[in-house]
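**Student:** Structure provided below as structure tokens; questions to follow.
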Ligand code: GAL
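In the numbering used here, the protein residues as written are 14 to 460.
Following this line, the structure appears as structure tokens:
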């Protein structure tokens with residue numbers, strides 16, 4: 014059964030890790046084509062295709078720093094790789110937030126592709142930055158005669174003079190295409206209607222939610238209504254996603270209501286696809302410590318219940334139907350009562366930390382032993398001991414815990430002392446059950 018494991022690396026049909034981030038999805042010729050960021054070396058936009066959204070076949074690097082360029086009637090800047098482009102020094106790479114060491118030249122984000130019936134061409138829109146900072150804030154256009162061929166780069170520009178960062182494309186049933194992007198340093202979300210050949214902006218039709226700082230737009234249409242998913246602006250860190258609805262692209266859009274949880278399950282919107290009768294949210298799970306480890310998540314959207322999206326470990330797509338299931342994710346985070354702190358470890362000490370999704374030190378595993386449980390710190394492989402430290406596994410009942418019911422969560426009762434784990438300041442201590450410093454812990458699955 015074609016099953017997609019959310020948030021895990023995807024291995025393509027050639028056996029390689031798939032690199033396709035901030036992706037856009039195009040249905041064409043019986044395939045789903047995915048175009049996304051591939052930041053390795055001089056690559057920029059990769060393309061994969063699939064019949065089931067699970068098995069992905071690598072097709073091409075459609076845009077590189079060496080792609081052919083061609084000017085068109087918008088006053089564009091054709092430079093993808095400026096003259097001084099060469100490998101970055103480690104210092105230069107470090108100065109550009111979270112970029113892997115690579116080559117200078119354009120930074121291309123969130124590529125999206127539409128097929129233009131009027132011209133028979135495939136048109137890619139994307140976010141362009143100069144590769145050194147985020148000040149260019151331009152969109153760029155590339156075009157190709159075939160869906161997954163080598164795209165010709167037509168240059169970058171500021172649409173109607175606006176800044177343009179996170180972006181998406183949407184094609185309406187009548188072929189009218191829209192480009193939607195964050196403007197005014199992300200304060201506004203602007204909707205542009207494209208020219209008939211999709212190569213430039215015909216008109217700025219809407220400025221949405223001025224001053225509300227939205228990015229990562231995704232638009233889809235269902236039963237005559239237009240839906241837009243967006244995120245807040247917190248860089249690579251996840252935040253609560255929002256959705257809005259309108260009767261027309263240039264009509265009145267609703268205010269933004271939340272979907273998913275407070276981190277959108279550690280994702281940021283990038284695309285949506287309809288499977289059978291169900292719209293599926295596709296989000297990037299960025300890894301801020303290593304961009305190339307970023308993965309993708311599919312979650313069905315319940316439109317009957319206000320764009321409700323719940324977490325699912327696995328998504329199975331079969332005969333045009335989508336179903337969700339619990340997978341084999343075993344690791345979890347241990348949340349402290351009444352605050353957004355989590356239990357962490359550094360290989361020896363145990364202390365508390367704010368939630369950081371890429372922070373592997375927050376992950377724990379549970380093992381059963383002699384009718385009790387062992388709590389294993391995933392990163393170090395060591396076990397939580399009643400001394401409040403991490404140790405190697407040994408035959409010692411200080412490593413054994415019993416789970417009890419506390420006022421706010423699960424009590425962790427140490428078998429050796431009979432005392433319960435509590436947190437005092439940022440340290441772990443053992444306390445008597447009636448001690449005011451503890452109320453139980455919540456075990457939160459690592460989605
Ligand atoms: C995010 C944005 C990404 C990328 C990143 C860079 O907010 O959605 O596409 O631009 O910031 O920090």
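We put the CB at the ideal spot given by N, CA and C, even for glycine. As the structure is a computational prediction, the values presented were derived from the model and not from experiment.
So, is residue 32 buried or exposed, given that buried needs 16 or more other C-beta atoms within 10 angstroms?
**Tutor:** Start at 1 with the first residue of the chain shown, and residue 32 comes out as number 19. Burial call: buried.
**Student:** Within the same chain, show all residues whose beta-carbon is closer than 6 Å to that of residue 226, passing over the 5 residues directly before and after it, in chain order.
**Tutor:** Mapped onto the chain shown, residue 226 falls at position 213. These residues qualify, in order along the chain: 199, 200, 246.
**Student:** Would you check whether ligand 1 has a heavy atom nearer than 7 Å to the C-beta of residue 122?
**Tutor:** The count along the chain shown starts at 1 and reaches residue 122 at position 109. Result yes, Cβ under 7 Å from ligand 1.
**Student:** Looking at the structure shown, is residue 410 part of a helix, part of a strand, or coil, going by DSSP?
**Tutor:** As a position in the chain shown, residue 410 is number 397, starting the count at 1. Helix, per DSSP.
**Student:** Going by DSSP, what residue range makes up the beta strand (DSSP E) through residue 236?
**Tutor:** For this step, residue 236 is matched to residue 223 along the chain shown. Run containing residue 236: none; DSSP gives neither H nor E here.
**Student:** Apart from the five residues just before and just after residue 412, which ones in its own chain have a Cβ nearer than 6 Å to its Cβ?
**Tutor:** Here residue 412 corresponds to residue number 399 of the chain shown, with the count starting at 1. For residue 412, where only same-chain residues beyond five positions count, the Cβ hits under 6 Å are 387, 396, 398.
**Student:** So, with DSSP's three-state summary, where would you put residue 438?
**Tutor:** In the chain shown, the residue the question calls residue 438 occupies position 425. Coil, per DSSP.
**Student:** Measure how close the beta-carbons of residue 212 and residue 192 come, nearest whole angstrom, since I'm counting them as under 8 Å.
**Tutor:** Indexing the chain shown from 1 puts residue 212 at position 199. Indexing the chain shown from 1 puts residue 192 at position 179. The Cβ separation is near 11 Å, so there is no contact.
**Student:** Looking at the secondary structure, which residues open and close the beta strand (DSSP E) in which residue 73 lies?
**Tutor:** Here residue 73 refers to the residue found at position 60 of the chain shown. Looking at the DSSP string, the run of the beta strand (DSSP E) that includes residue 73 is 70 to 77.
**Student:** Which residue from 26, 66, 44 puts its Cα closest to that of residue 335?
**Tutor:** On the chain shown, position 322 is the one that residue 335 refers to. The residue with the shortest Cα to Cα distance from residue 335 is 66.
**Student:** With DSSP run on the structure shown, which of helix, strand or coil describes residue 81?
**Tutor:** Along the chain shown, read from residue 1 onward, the residue named residue 81 stands at position 68. Correct three-state label for residue 81: coil.
**Student:** Contact defined as beta carbons within less than 8 Å: I believe residue 147 pairs with residue 76. What is the distance between those atoms, to the nearest angstrom?
**Tutor:** Locating residue 147 in the chain shown gives position 134, where the first residue counts as 1. Locating residue 76 in the chain shown gives position 63, where the first residue counts as 1. No, residue 147 and residue 76 are not in contact; Cβ-Cβ is about 19 Å, not under 8 Å.
**Student:** Note down, in chain order, each residue of its chain lying with its Cβ closer than 7 Å to the Cβ of residue 421, except the 5 sequence neighbours on either side.
**Tutor:** Here residue 421 is taken as the residue at index 408 of the chain shown, counted from 1. Same-chain partners within the cutoff: 350, 351, 452, 453.
**Student:** Measuring alpha carbon to alpha carbon, tell me which residue in 301, 286, 300 is nearest residue 294.
**Tutor:** Your numbering for residue 294 matches position 281 in the chain shown. Out of 301, 286, 300, 286 has the C-alpha closest to the C-alpha of residue 294.
**Student:** Helix, strand or coil for residue 370? Go by DSSP, reduced to three states.
**Tutor:** Stepping through the chain shown from its first residue, residue 370 is reached at position 357. If DSSP states are grouped into helix, strand and coil, residue 370 belongs with coil.
**Student:** Return yes when the Cβ of residue 292 is within less than 8 Å of the Cβ of residue 233, no when it is not.
**Tutor:** Locating residue 233 in the chain shown gives position 220, counting from the first residue. Locating residue 292 in the chain shown gives position 279, counting from the first residue. It is a contact, given that the beta carbons lie within the stated cut-off.
**Student:** Could you name the residues of the same chain whose beta carbon sits closer than 6 Å to that of residue 426, not counting the 5 residues immediately before and after it, in chain order?
**Tutor:** As a first step, residue 426 must be located in the chain shown, where it is residue number 413. The residues are 415, 417, 433.
**Student:** Which one or two residues does DSSP pair with residue 90 in a beta bridge?
**Tutor:** Within the chain shown, numbered from 1, the residue matching residue 90 stands at position 77. Bridge partners of residue 90: 169.
**Student:** Using alpha carbons as the reference points, say which of 252, 85, 347, 288 lies closest to residue 332.
**Tutor:** In the chain shown, residue 332 corresponds to position 319, counting from 1. For residue 332, the nearest C-alpha among the options comes from 288.
**Student:** Where residue 280 and residue 298 are concerned, what is the direct C-alpha to C-alpha distance, given to the nearest angstrom?
**Tutor:** As a first step, residue 280 is located in the chain shown; it is residue number 267 there, counting from the start. As a first step, residue 298 is located in the chain shown; it is residue number 285 there, counting from the start. Whole-angstrom Cα-Cα distance: 4 Å.
**Student:** Return the first residue and the last residue of the beta strand (DSSP E) that residue 378 is part of.
**Tutor:** The sequence position of residue 378 within the chain shown is 365, counting from 1. Its beta strand (DSSP E) spans residues 377 to 382.
**Student:** With a threshold of 8 Å between beta-carbons, can residue 452 be considered close to chain D, or not?
**Tutor:** No chain D appears in this structure, which consists of one protein chain only.
**Student:** Could you give the residue range of the beta strand (DSSP E) that holds residue 138?
**Tutor:** Walking along the chain shown from the start, residue 138 turns up at place 125. Counting along the chain, the beta strand (DSSP E) containing residue 138 begins and ends at 134 to 142.
**Student:** If the criterion is Cβ atoms closer than 8 Å, does the pair residue 300 and residue 307 meet it?
**Tutor:** For the purposes of this step, residue 300 is taken as residue 287 along the chain shown, with counting starting at 1. For the purposes of this step, residue 307 is taken as residue 294 along the chain shown, with counting starting at 1. Result yes, Cβ atoms of residue 300 and residue 307 sit closer than 8 Å.
**Student:** Going along the chain, which residues of its own chain have a beta-carbon closer than 6 Å to the beta-carbon of residue 257, five neighbours each way excluded?
**Tutor:** Here residue 257 corresponds to residue number 244 of the chain shown, with the count starting at 1. Taken in chain order, the residues that qualify are 241, 266, 267, 269.
**Student:** With distances taken Cα to Cα, identify the nearest neighbour of residue 238 among 264, 26, 56, 175.
**Tutor:** The sequence position of residue 238 within the chain shown is 225, counting from 1. The shortest C-alpha separation from residue 238 is found at 264.
**Student:** With respect to 7 Å, is the separation between the Cβ of residue 248 and the closest non-hydrogen atom of ligand 1 below this value?
**Tutor:** In the chain shown, residue 248 corresponds to position 235, counting from 1. The answer is yes for residue 248.
**Student:** So, is residue 54 buried or exposed, given that buried needs 16 or more other C-beta atoms within 10 angstroms?
**Tutor:** What you label residue 54 is simply residue 41 of the chain shown in a count that begins at 1. By the 10 Å Cβ count, residue 54 comes out exposed.
**Student:** How close, in whole Å, do the beta carbons of residue 357 and residue 364 come, if the pair is a contact with beta carbons under 8 Å?
**Tutor:** Taking the chain shown and counting its residues from 1, the one referred to as residue 357 is at position 344. Taking the chain shown and counting its residues from 1, the one referred to as residue 364 is at position 351. Indeed they touch by this definition, with Cβ atoms about 6 Å apart.
**Student:** Indicate the three-state DSSP secondary structure (helix, strand or coil) for residue 459 in the structure shown.
**Tutor:** Here residue 459 refers to the residue found at position 446 when the chain shown is read from its first residue. Looking at residue 459 - three-state DSSP - the assignment turns out to be coil, as it is neither helix nor strand.
**Student:** With burial defined as no fewer than 16 other Cβ atoms inside 10 Å of the residue's Cβ, what is the status of residue 86: buried or exposed?
**Tutor:** In the chain shown, residue 86 corresponds to position 73, counting from 1. Residue 86 comes out exposed.
**Student:** Thinking residue 325 and residue 312 are a contact (beta carbons under 8 Å), I'd like their distance in whole angstroms, please.
**Tutor:** In the chain shown, counting from the first residue as 1, residue 325 sits at position 312. In the chain shown, counting from the first residue as 1, residue 312 sits at position 299. Indeed, because the Cβ distance is near 6 Å, the residues count as touching under 8 Å.
**Student:** Just how far apart, CA to CA, sit residue 244 and residue 407?
**Tutor:** Mapped onto the chain shown, residue 244 falls at position 231. Mapped onto the chain shown, residue 407 falls at position 394. Their Cα atoms are separated by approximately 46 Å.
**Student:** Which residues bound the beta strand (DSSP E) around residue 288?
**Tutor:** For the purposes of this step, residue 288 is taken as the residue at position 275 of the chain shown. That run of the beta strand (DSSP E) goes 281 to 288.
**Student:** Please confirm whether any heavy atom of ligand 1 lies closer than 7 Å to the CB of residue 228.
**Tutor:** Translated into positions along the chain shown, residue 228 becomes position 215. It does: the Cβ of residue 228 is within 7 Å (strictly closer) of some heavy atom of ligand 1.
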